[in-house]
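Single-structure report; data block below.
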Amino acid sequence: MNWFENGGALSLIVFLPLAAALVMLVIPKAREEAIKQLALLVSVVTFALSLVVAFAFELGSSASYQFEISAPWISAIGSNYHIGVDGISLPLLVLSTFVLVLSIIYSWNHWEEPRNPKAFLALMLILATGMNGTFVALDLVLFFIFFEVVLLPMYFMIGIWGDKSMRKIPGFAREIPTRLYASLKFFLFTLFGSAFMLLGFLAIYFRAGDVAQRTFDIPELATLGAAGAFSPAAWSIGGLVFGALFLGFAVKVPMWPFHTWLPDAHTAAPTVGSVLLAAILLKLGSYGFVRIALPILPESARDWAPAIAILSVIGIIYGSLACLAQTDMKRLIAFSSVGHMGFVMLGISTLTDVGINAAIIGMVAHGLITGLLFFLAGSMHHRYHTREMSRLGGNQTLMPKMGGILGFTAMASLGLPGLAGFWGEFMALLGAFNPLEGLNVSLFRTAMVIGAIGTVLTAGYLLWMLQKVNFGEPSEEWVGHEFHDVDRFEMAAWVPLMILIVIIGVYPKLVLGSTTDAVVAMVDTAFNSGPTAALTVFGG
Amino acid sequence: MNYDIDYLALAPEIVVIITLLGVLALDLVLPRRLKYFTGAIAVVGLTLSAIPLILLAVGDLPVSMFDGSYVVDQFALVLKGLFLVSGYVVLVMSVSYIESDRYYQGEYYFLILSSILGSLVMASARDLIAIFIGLELTTAPLFLLAGWKKGDLKSNEAALKYFVLGVLSTAILLWGMSMLYGATGSIQFAEISAAVSSLRSGDPMMPLVVLAVVFVMVGFGFKVAAVPFHFWAPDTYEGSPIPVTAYLSVGSKAAGFVGMFVFVYLAVPSLSSVWGPLIWVMAALSMTVANLAALRQTNIVRLLAYSSIAQAGFMLVPFAAASLAGEGALAAGLEATVVYLVIYALMNLGAFAVVIVAVQRTGSAEIDSWAGLGRLDGRLAVLASVFFFSLAGIPPLAGWYAKFKMFTATIAAGGTWAYVLAAVAAVNAVIALAYYAKVAKAMWFDDPPEGAEEITEAPSGSLVLVLTIAAVVTVVVGVLPNIPDFFGEATRTLLATVGG
Amino acid sequence: MMVNQFLVIAALLFSLGIYGLLVRRNVVMVLLAVELMLNAVNINLVAFEAWIRSSLAVGQVFSIFVITIAAAEVGIGLAIVLLIFRNRQSANVDDFDLMKY
Amino acid sequence: MNLLAQLAVEAPHEEVHLGDGGVFAEWAWIMLVLPFVAFLLIIWRGKHMKHQGAEFAIGAMAVNLVMATVLFVSNMLEGIYHEGAVEIARIGLFKGHDLIFELGWVVDGLSIMMYWVVAFVGLAVFVYAVGYMHGDVRVTWFFASLSLFAGSMLVLVGSPNLVQLIIGWEGVGVASWLLIGHYWEQKENSSAAIKAFLTNKVADVGLVIGAIYIGLTLGDFRFSTLEAAAVDGDAALAAVAGLAGLLLFIGAMGKSAQFPFHIWLPDAMAGPTPVSALMHAATMVTAGIYLMARTFPLYQNLAGDVAILGSLDLRGLMVGIGAITLFGMGLLALVADDIKKVLAYSTVSQLGYMMTAVAAGGYTAGLFHLFTHAFFKALLFLGAGSVIHAVHSNNMSDMGGLRKDMPKTFWTFIVGSLALAGIMPLAGFWSKDEILATLDYEGYQMVFWVAVAGAFVTAFYMTRAVALTFFGTYKGHGHPHESPSIMTTPLIVLAIPSVIAGFFNIPGVKWGPIRNFTEWLAARTVAMGDHHAEAIEWNLAAIGLAAGLAGILIGWLIFGRDAETQVARDRVEVPLLYPLLRQKYYMDHLALGLVGATKGPLARAVDWINTYVIDGIVNGVGAVVKAAGTVIYDGIDQRGVDGIFNGAAAASDAAGRSLAKLQTGRLQNYATGFVVGALILVVALVVAL
Amino acid sequence: MDFADWLAQPVNWVYLAIGSAVIVSAFKVVTSQNVVHAALFLVATLAGTAGLFLLLAAEFVAWVLVLVYIGAVVVLFLFGIMITRAPVVRDVGLDNKKARPLAAVLSLGLFLLLSYTSLLAFGAEQVQGVGEPTPTAILGEALLGRFVLPFEIVGFVLLAALVGGITVARRDLTPAEEEERGAV
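Protein chains in written order, with my numbering: chain P, 1 to 540; chain V, 541 to 1040; chain Y, 1041 to 1141; chain S, 1142 to 1830; chain L, 1831 to 2014.
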């Protein structure tokens, strides 16, 4: 099984979905069952492989890359096909394959117009290749490619199967369909960010040394970065380069004020698209920070950390407040991501082991929870044909199971301790209490307090949403309607998510056990903090 | 003086000459219904001309003739290959198009082949006269081909605009060349380079040389349709027969680039402070103006015209940046532009092939007429998406690597101006996406017109061939960028052989 | 005789050519203007040759090429003029703006 | 040298010998888990059961009671201490050592007391609820939520560390939200539920940040570490003690409904009565007191004396807030018509006693009152529920004369009322007396008299409630009947400890091998260091008792003899005070941030205020916040931030349009552009070089 | 060398004469409102240019110019003028008057630029060998030796212009006519 450990497993995880998508193209459209079964089979196999990887993963040395392979790829620039997982990427990889399976199960009997399961599933599988690939890529160019590969499928998903309603855009004369606006906005924003990200990558590449030493290899660059090769002291544009990377990742996360594509894209996307977007795609950005920006540019990261922290807490408060103004359930959930990812970024901005661990578990939790919320929003839209919360009242009466699951997920989303969402928020606050030495402690503590206040607002809008959607008497207009409560495909897709939310909530070690050593090693090398003898005292 | 001719080194040109003469002769004798045979001859001829190319590539290089004014090196071979391949694709594309519209087939192929011959000459030309003649041979047939749809007023107009502005640019180019000759006493690039490199700022000769260099660059800028010398392009592209447009946007543009490379790198390398800023401005303007203007287009061909102007801007970027970084970076800039050119040629030809198919079906090149193509003809829409998104530079389609190389060379050059240009390019890459996506939007997101039926019949075999080749190469190159890199790498010899 | 006295004439011809190109409405007149410009280049080349006196008379050779090309251009240009005129009954440049923006 | 290492070498701070509690202590985690198992079972199978899943809830609680009783008894005889934990996360190399998160269970005097109270009261309430909720909507879900409620409380009280405490703490909040909003068809109910949750959540910010301060200062979230550090006077902890103590106290104020966080509690009466009983007696509101008791060493040793404002130290602040709560909320109970609201305000008032006591340094005194209060307040609520069940109204104005129709309810209610009023020898007397003694000993003379006045008020409003409910003539509709035995039995069961619970902590009295309550609670890792009286201070007891008796007497004089409530009410309607009380001190309005309302003409102001009272604070603050949300969203996000994108897009579009205009279609314009471009470039470059 | 010295050389008198003729006629080419006149002024310009060539020892080129241009190109122009001018429907000016100011400014600027650069660069450099025409043999050898390749290629330019020009310029038969002719 040598090939398996030497990159074979990961390559399969990455490219199997793509291969399946290609195979799917030759299956006639009419053979829908075969198409669906193929998609499910492949996603299950991918997931199983990722589980095998997870179990075979040496937790003891989670700080080093495993299942690694590095083969020459673009020789002219010394870019390699270098993939591998460490403790940081492993949970995200498993999450990605896992959510794909659930999405395909859910899709089984949920098709948005104009239907066409073949195209939809093929896009989904291509998307999977991009997502999985990003999490295992250890070469900047490879990372960039996978990072971008997700764009097209998502663009098409939103544009073809998205919201059919019309929308007036300020500055433009005509009303245009929401899906068109949203899909293009998503595409443009991300491309804008990643164009600058690419420039940043290239700047790093050329800074890495003489022609022979130049490299796109992330671990090598991280070593160089830790040695101060890219510090602004020695390299005048170091800070700018971080800014370029920041732009690329922050758009994807999305951080305030680059978030405006998100509510539109999420709202307009078909259900599964929203789920994948929320569950995985947003993580690509924050993962980029952890994998690339911080280790390679530690000094600039220090300089930028306060700004990131400030933007994060703005995002937390701002996202929550914006949620309060929503009348559209899906848009509310979309905006909630701004707040939640704010916590993730707050964690990252502390540059501490606690904060970054918080970010990763926050990412996983957000993926599970918000994914589930979007599933629910989609299913409810499927039944009510509206997402207006004012019309959805009494859902709990009409569909008790749906309402119950919605309640559960909302609780998880507001960071209820004991459920997955809690750890990300709580640990982010922990991290902000004691940021990396040298960062402005009072700033971060202020951020901590504001973040904590943000949790109240989060609770507020989610409870308020539940009140509007679940509670009260059903609206007159539904009299005489028969509503099918949660069906078996939905159950099959959702129950695993709920179980995982509880398990991670009660036993966060499931994620943190994998990440902690890797994060500590990363923080140690990058920021050279090492174990400090004295505990930081209040005010110190 | 020894002006021996190495016939092997000239073999590709000779094969093309034989072919075009054959085509012309055959056209006289063939009855009308067999005229399409001339196309076959042309295709075969071009294929054959690739054989000596390969022989040369594995043989001893470089071969230098006529006092070094005609050189066959790896650079020349790569670009000749590019001209042959793109010419080949254009010919194949033309077959069904020309056939269907009762155009003059023999003459058409003859002119295309003449233009290709001109490009081949340009790739090897190393003195002012040769490159001028090559340029004229490349361009002159195209003036006529642009008006090939004789009954179409737009085609007439296209030819006229192209011609008048072409002649204007020729005149300006010639003025520049004449002044260079006067200033240096030579028409040979190596000698010009030697003479020019001794010039210092403040030399009374300097303004003249600056003017000469700019004028020559204007001539090439016209060929590559760089802003502000691009005005002809949108109108001419729109009016010309689509295969001709495809050739204009690829072959003829590439010829312009070849002229620029050779002239800049071999004749006036030391004057990078002149042509560097010049190209910088042309690059920035081309990208920005064309991209913004493209946003407004409703005609797909016109959109591609603006797109090709913008792409030319992108291609100029590494060129401009390299000039700012001095001698060392020139090779990287050259390589990046060649790689871009190679990739661009493929994907752009693919895009035009799709346009031909679509226009043959709907009779319209308006973007609106593509509405719902995804549902009517999924395969064509997929291919179109591949090409258009590749043009937009979305990984993993080949276009990304072109842009990547461009950024690489630019960042490698370093310095404020390079970074600014890179930033401009980055923003433009985003703007460009907006209009490429517009095409995708029409195909996939808009509903097909009422009563439209699913299309099952396949386009003509030759187009299928073109589409398949272009699509496969677009995807493969995107995943394995070593392939274009190989060619890009080879062109570095341009700098190695002459002057260094 | 100085080189410059010829170059100045050439510059004048070239500039007049540009002027004609920009103001003339009739396509044939535009072509005439272009011929002036090409001719100006020829004066340059020949004048330089007389100054440099290269062994191969490069300047003169070049000017012969330019003359040839100019002739070819005129042929092409007039063909296009005929083509257009037949379709439009006009040889006025500013009548042709079917394609714009 | 880090703190954990210190801990490792030093001997544990045990002053008394503590047993290990044996197998029951080791398996005590079952108590924490069982309600959740019941919750899942109810959801899974509940609908198919005879009592719709109540069986599981009751079964779990019964098992818990058995286990808790065993521990309780062992602790009575010999103090026990056991702590177990499962590591759930570990963040490596955090500041030199691992930061560990654990879930666990602690078995010591404090937690055992709480286990038992929760199990005992919980079981009584569950059984009662079977009768009370019979035929009601969503009974299955109700019992599931009740289990969740009890389970979360057990997780909270069993927690060996701050993080798990937070988990239980929020779990209690969510369960309370579910239960308060049980009748969510009406918007008021779900709004009340949200109000409860959010008010708590605001206070929780304090708890969470306080926990972070302590946890990260010590590098450990365990209470045992905190206690040891507090007793040792750890310098790092001392530096943050004041702030951390205040923050934790804010958290406790929320859960324990201390002024001004009491606003959620009266509204929480929207839930079914058993919920109120459970919430006010054993779970939820006691959590704040429990937290103060659990972290008592911190306040006792470090935080209490930290100055907050001028000469006011933290301890003074806490005592003061407790005092305000105990007296002010008692007054509010005086004017409420809704019997449940009377009891609710009563609870807040009693929580004020507990908080005052614990804050003043009376660890045992506060908890003893918590202990006794749990029984008689549960009893009173269940009794009230029984009455409500009979008359189908919450309002005392619809009741009256029920003593003949509902004798069991009446007599048990009387027992509860007397206990609450602090009449000797019932439970309330002893615990209240101990609080008074503590206040006296610690030197809070003013607060002492406030507490006495509070005792008077307590007796007064309970007399009023009893009189209006059970005496006089019946004013409601239909014929009320005594509740079924499944409801009355819990009343009787709860009446017993309401009578006898006080005997376990009479200073200087010992019942055979049974140690007294003070010693039960002393079974902790460190000594609490609070004061215990050697013998009953009869003078203080007499004052308290006199206040209670006076309250009953005056109450009876006003309400008992004349059953016409309207008249009775008029007599106490003191100008100014009465409207103030009726409007709950305008606290809701204050919370609205509408202090300025008093400036205008009073009438208009009151009217204006009243319009906003309807939905209460959450909707009020909510409206403000939501308005802010709208401003942010519509004004800033859609116009500003999003506007930048749309603006950029529109600008590109316009630029494209004008640039495309350059393409005029005129050949000579093109040529002009061409030449101009070339000329500009040449001139620029010639000039530049 | 001052102006008087310059004027003392007789060849410069010739130069002045021919030069002014060239300039005047060139001016008329672009300003004349009569198309035929314009074409004839071009003839004059070219003839003058040929004279200048003779002054510059480029005998062969001068005659080529005369033959090719005056003999062929201008005739071509006249044909073009005849064909396109005769059936003019509207009576419109030959110039776009609105464009004149800008065009004048531009061409004046261009002239200044071109002459400035040239004057600066070449100062008083003298042409050599006036009266010693370049032997035509040299040109012949150059064209067929060193420049044989461009020479060949330029043939293809002419060929392409010829073939393409004919194709483009000829009138296509309508399908009806075609049928007719096919029948014949």
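For each residue, glycine too, the CB sits at the ideal point set by N, CA and C. The structure displayed is predicted, hence computed values, not measured ones.
Does the stretch 1249-1258 of chain S touch the stretch 1646-1664 of chain S, meaning 3 or more C-beta pairs lie closer than 8 Å?
-> yes
Cβ of P:Ala322 less than 8 Å from any chain S Cβ?
-> yes
By the 10 Å Cβ neighbour count, where 16 or more other Cβ atoms means buried, how is P:His385 classified, buried or exposed?
-> So P:His385 ends up on the exposed side.
Name, please, each residue of chain L whose Cβ falls closer than 7 Å to the Cβ of V:Tyr1043.
-> The question about residue 1043 of chain V has no answer, for chain V in this structure spans 541 to 1040.
Should P:Leu175 go down as buried or exposed, given a rule of 16 or more other Cβ atoms within 10 Å for buried?
-> In the sequence on display, residue 175 of chain P carries Glu and not Leu. It counts as exposed.
Sequence ranges, alpha helix (DSSP H) only - wholly within the stretch 470-534 of chain P, length at least 4 | 488-506, 509-527
Look at the alpha carbon of P:Pro295 and the alpha carbon of P:Thr46, and state the distance between them as a whole number of angstroms.
-> 29 Å
V:Val894 at chain P interface by Cβ criterion, 8 Å | no
Terminal residues of the alpha helix (DSSP H) in which Y:Ile1107 lies | 1098-1128
Roughly how many angstroms separate the alpha carbons of S:Ala1792 and V:Ala972, rounded to a whole number?
-> Answer to the nearest angstrom: the Cα atoms are 15 Å apart.
Three-state class that DSSP yields for S:His1514 in the structure shown = helix
Considering only C-alpha positions, which residue in the set S:Gly1685, S:Gly1347, S:Leu1388, S:Thr1210 is nearest to S:Ala1560?
-> The candidate whose alpha carbon is nearest that of S:Ala1560 is S:Gly1685.
Spell out a yes or no on whether the stretch 710-720 of chain V and the stretch 1081-1089 of chain Y are touching, meaning 3 or more CB-CB pairs, one atom from each, closer than 8 Å.
-> yes
Proximal residues of chain V, C-beta to C-beta of S:Ala1796 below 8 Å = Around S:Ala1796, the beta-carbon contacts reaching into chain V at under 8 Å are Leu832.
Starting from the Cα of S:Met1254, find the closest Cα among S:Val1266, S:Asn1657, S:Trp1571, S:Gly1351 and give me that residue.
-> S:Asn1657
C-alpha gap between V:Val611 and V:Pro602, whole angstroms | 7 Å
Buried or exposed for S:Ala1709, please, with buried defined as at least 16 other CB atoms from any protein chain shown within 10 angstroms of its CB.
-> Unreliable positioning characterises S:Ala1709 in this predicted model, as indicated by a pLDDT of 48, which lies under 50. A coordinate reading is not provided.
Could you tell me whether the Cβ of L:Asp1832 comes closer than 8 Å to any Cβ of chain Y?
-> no
Would you verify that the beta carbon of S:Leu1822 is, or is not, closer than 8 Å to some beta carbon of chain Y?
-> no
Do you know offhand how far V:Val749's Cα is from Y:Ile1058's?
-> 21 Å
Taking 8 Å as the threshold, find out whether the stretch 504-515 of chain P comes into contact with the stretch 84-94 of chain P through three or more Cβ pairs.
-> In short, these stretches touch, since the Cβ pair count reaches three.
Neighbour flag for S:Val1782 against chain P, beta carbons, 8 Å = yes
What is the DSSP secondary structure of P:Gln66, reduced to helix, strand or coil?
-> strand
Measure from the C-beta of S:Ile1773 to each C-beta in chain Y and report whether the shortest distance is under 8 Å.
-> The beta carbon of S:Ile1773 does not come within 8 Å of any beta carbon belonging to chain Y, so the residue lies off that interface.
Spell out a yes or no on whether the stretch 1209-1219 of chain S and the stretch 1281-1290 of chain S are touching, meaning 3 or more CB-CB pairs, one atom from each, closer than 8 Å.
-> no
Under the three-state reduction of DSSP, which class applies to S:Val1447: helix, strand or coil?
-> coil
Does DSSP put P:Arg207 in a helix, in a strand, or in coil?
-> Here P:Arg207 sits in helix by DSSP.
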